[in-house]
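Here our numbering runs 5 ahead of the position in the sequence shown, where the first position is 1. Notes follow the structure.
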Amino acid sequence: MPEIIVDLPPSFKAPEVDAVLDKIFGRSRTKSIKDATCIKCEDTDLSFKDELSVIEYSISGLCQTCQDDLFGDE
C-alpha cells in the first residue's frame, strides 16, 4: 500500500452530529483526527490506499482497515 500522508484537518460537522459520534465511539472525532488515530479502533498506523480514503478519514476518522470493513475493500 503506498504511503499517503494525512494532512487534512477534520471536516466540519454540526455540533449535534459530533456529539452523537462522540457518544457512539466514546471519544472525539476531531481529537482523534488531530491526534492521527482511528476513532473506532484507535490504531495509529494511518496508511491509506488512495487520496479518497484520506478524505474519508478527515470526514469519519476511520483508518483504512475500518473504512474497508465498513465500505468494503474494493
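For every residue, glycine included, the Cβ atom is placed at its ideal position computed from N, Cα and C. Bear in mind the structure is a predicted one, so any value in this text is a computation, not a measurement.
Nearest to cysteine 68 by C-alpha distance, out of Thr42, Pro14, Ala24 and Lys28, is Thr42. Rounded to whole angstroms, the separation of the alpha carbons of serine 16 and isoleucine 64 is 5 Å. Considering only Ala24, Asp27, Asp78 and Glu21, the residue with the shortest C-alpha distance to phenylalanine 53 is Asp78.
Taking leucine 57 as reference, the option from Pro20, Lys45, Phe76 and Arg34 with the minimal CA-CA separation is Phe76. In this structure, threonine 70 sits away from aspartate 40, with a CB-CB distance that is not shorter than 8 Å.
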